[in-house]
Every structure is written in structure tokens, then in C-alpha cells.
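**Student:** Going by our numbering, the letters in the sequence shown line up with residues 318 to 549, in that order. Dropping a structure here in C-alpha cells format, bear with me for questions.
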Amino acid sequence: VSSIGAAEGLAINAPSALEAVEIGGRSFLLAAATGSSSISVFEIGPGGALIATDHVVDDRTSRFQNLTALETVTVDGRAYVIAGGADDGLSLFTLLPDGRLLHLDTIEDRAGLSLQNVSAVSAAVAHGRVQVFAGSGSEAGLTQLDIALGSAGQIVAAGGPGRMDATVGDDILQDSPGDDDLRGLAGDDILIGGRGADRLYGGTGRDIFVLAADGTGDQIRDFERGLDSIDL
């Protein structure tokens with residue numbers, strides 16, 4: 318059993334929700350906090366030790382200020398996170414195999430929706446699609462949203478340095494601690510460059526290149542302006 322707080326450097330204020338997720342044989346705990354408008358991610362290690370893997374705070378690209386509602390759903394081995402609060406909207410993330418959150422999309426309140434001051438969120442999987450239901454603390458009605466997940470491919474983790482190829486689906490490619498060649502194909506792939514000097518090829522599709530500050534230089538060899546994106 319373990320605990321973590323301000324004394325260990327955890328910068329959260331007024332925790333409001335907890336969600337547990339298991340992906341790729343690893344267990345994670347997500348903590349939402351209203352006062353800091355943040356989502357913190359911890360891997361549950363041996364003996365219940367909590368190991369911080371990510372911490373994201375609401376900004377101008379997201380909609381979870383004063384976060385009160387957090388939901389997770391797992392589809393084909395991939396974990397998705399939906400967050401909302403007093404920011405009049407919802408934000409969608411995916412939890413990567415290394416415990417980092419990747420922002421996928423945000424929707425804001427508008428005519429026909431009830432997303433002002435989101436107070437509750439629930440999600441379920443039906444026929445390969447995610448159905449999201451959200452309630453408002455200040456508007457009548459229930460909002461239902463449909464998330465199309467596309468042609469989910471594989472989660473490919475490198476066993477050691479070298480070349481790693483995607484499939485024709487929407488894959489997640491996770492590098493090894495060494496120098497790797499990650500090569501996407503036709504899908505909307507997520508390529509994760511971690512430790513080592515990596516070379517990333519997205520191929521066709523709307524690819525996302527996820528980079529980490531590891532002191533070595535990664536190279537994106539075929540970035541397509543207007544299609545691809547970079548997450549730091």
C-alpha cells in the first residue's frame with residue numbers, strides 16, 4: 318500500500334474523482350482534481366507503490382477547468398479518458414502504454430447540447446463505438462455523444478533497438494530504450510519516441526508523433542503539414 322501527496326511533489330488541489338485502468342498488463346490510477354484543474358496518472362507498481370507517469374492541466378485547447386467528472390473506457394486494449402468540469406465542454410484523451418495522456422479531441426457546449434458545468438459523465442461500448450453520456454449541473458437534459466474509433470490497429474512495443482513496422486490499421490508504436498526506426502503505414506498512427514535517437518516515419522494518414530525530453534535527438538522523417546501533429 319502506498320500514498321502520494323504534496324510532500325512528494327504532487328501538485329494537485331481538491332481531488333474529485335479516481336479511475337483505475339489496465340492496459341498492456343500494467344495498472345494505472347487516474348486522479349482528477351477540481352482545484353488544480355488537473356489529471357494525474359500513476360502506475361501501480363509492486364506492493365501497490367504509486368509511480369507518477371503524467372500530469373496534465375486544463376489549457377486553451379481543452380475543456381476541463383474545475384474538473385468534476387472523469388470517466389474511462391477500454392476498447393480493444395486501448396484506454397480512453399473523458400473529462401469535464403466548469404469549462405462547458407468535454408475533452409477526450411487516450412492513455413498511452415507508458416502512462417502518458419494524449420489529447421485527442423475537445424467538444425464545447427453549443428445549441429442542442431447540455432455541457433454547461435458538466436457534473437457527471439458515463440461511457441459504454443456498443444458495436445465498436447463509444448457512447449458518452451454527460452449531465453450538466455446548470456442545464457436540463459442529457460447529452461449523448463458518439464465517438465468513432467476508426468480502424469483500431471495494434472499496440473506494438475519494441476523488444477529491443479531496431480526497426481518496427483505498423484499494420485494498415487491505426488496503430489500505436491512504442492519504441493525501446495535504444496535507437497529505433499518506427500514506421501507507420503496507411504493508418505492514423507501514434508508513434509512514441511522515448512529514450513534513444515529515434516527515426517519516426519508516419520506514412521500516410523493523420524499521424525501523431527509523441528516525443529519525450531530524453532537528451533537525445535529524434536527525427537520525424539515525413540511530417541505532413543495540415544495532417545500530422547506533434548505532442549510534446
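Ideal placement from N, C-alpha and C gives every residue a C-beta, glycine not left out. A quick note: this is a predicted structure, and the numbers were derived from the prediction, not measured.
Hey, is the region 500 to 518 in contact with the region 422 to 431, meaning 3+ C-beta pairs nearer than 8 Å?
**Tutor:** No, they do not touch.
**Student:** Counting pairs of beta carbons, one from the region 385 to 400 and one from the region 505 to 519, are three or more of them closer than 8 Å?
**Tutor:** Too few Cβ pairs lie closer than 8 Å, so no.
**Student:** Closest by CA to G322, which one among I340, V338, S357 and S344?
**Tutor:** Checking every option, the nearest Cα to that of G322 belongs to S357.
**Student:** For I329, does the count of other Cβ atoms within 10 angstroms reach 16, so buried, or fall short, so exposed?
**Tutor:** Label assigned to I329: buried.
**Student:** Here's a check: name, in chain order, each residue in its chain whose Cβ is nearer than 7 Å to the Cβ of A474, leaving out the five neighbours to either side.
**Tutor:** Taken in chain order, the residues that qualify are P414 and Q491.
**Student:** Could you say which of G445, F526 and P478 lies nearest to I489 if we only look at CA atoms?
**Tutor:** The shortest C-alpha separation from I489 is found at F526.
**Student:** Is A474 helix, strand or coil when you go by DSSP?
**Tutor:** Strand.
**Student:** Measuring CB to CB, does V447 end up less than 8 Å from L466?
**Tutor:** It is a contact, given that the beta carbons lie within the stated cut-off.
**Student:** Check whether the Cβ atoms of E425 and G452 sit closer than 8 Å, and answer yes or no.
**Tutor:** Not in contact: E425 and G452 (Cβ atoms no closer than 8 Å).
**Student:** Taking the alpha-carbon of L387 as reference, which of L409, A369 and M481 has the nearest alpha-carbon?
**Tutor:** Cα-wise, what sits closest to L387 is L409.
**Student:** State the Cα-Cα distance for the pair D463 and V449, rounded to the nearest angstrom.
**Tutor:** Distance between the alpha carbons of D463 and V449 is about 6 Å.
**Student:** Which value, in whole angstroms, describes the spacing of the CA atoms of D524 and L335?
**Tutor:** Answer to the nearest angstrom: the Cα atoms are 30 Å apart.
**Student:** For D376, is the classification buried or exposed, using 16 other Cβ atoms within 10 angstroms of its Cβ as the cut-off for buried?
**Tutor:** Looking at its Cβ environment, which holds fewer than 16 other Cβ atoms inside 10 Å, D376 is exposed.
**Student:** Which whole-angstrom value is the C-beta distance of L367 and L346, which I expect to be below 8 Å?
**Tutor:** Right, the Cβ-Cβ distance comes to about 7 Å (below 8 Å), so this counts as a contact.
**Student:** To the nearest angstrom, report how far apart A441 and A324 are at their CA atoms.
**Tutor:** Roughly 37 Å separates the two Cα atoms.
**Student:** Between T385 and S436, is the Cβ-Cβ spacing less than 8 Å?
**Tutor:** Going by C-beta atoms, T385 is nearer than 8 Å to S436.
**Student:** Thinking C-beta only, is S379 closer than 8 Å to T423?
**Tutor:** Yes, the pair counts as a contact, with Cβ atoms nearer than the cut-off.
**Student:** Which residues mark the beginning and the end of the beta strand (DSSP E) in which G495 is found?
**Tutor:** Element bounds for G495: n/a, residue is neither H nor E.
**Student:** Could you check the C-alpha separation between H420 and S354 for me, to the nearest Å?
**Tutor:** One C-alpha to the other measures close to 15 Å.
**Student:** Secondary structure at A337, three-state DSSP: helix, strand or coil?
**Tutor:** Of the three classes helix, strand and coil, the one that applies to A337 here is strand, per DSSP.
**Student:** Within the same chain, show all residues whose beta-carbon is closer than 8 Å to that of L418, passing over the 5 residues directly before and after it, in chain order.
**Tutor:** Excluding residues within five positions, the ones whose Cβ falls inside 8 Å are I356, V358, D371, V373, V398, F410, T411 and L412.
**Student:** Can you grab the Cα-Cα spacing for the pair D393 / A469, in whole Å?
**Tutor:** Roughly 8 Å separates the two Cα atoms.
**Student:** How should V438 be labelled, buried or exposed, when 16 other C-beta atoms within 10 angstroms of its C-beta is the threshold for buried?
**Tutor:** By the neighbour-count rule (16 or more Cβ atoms within 10 Å), V438 is buried.
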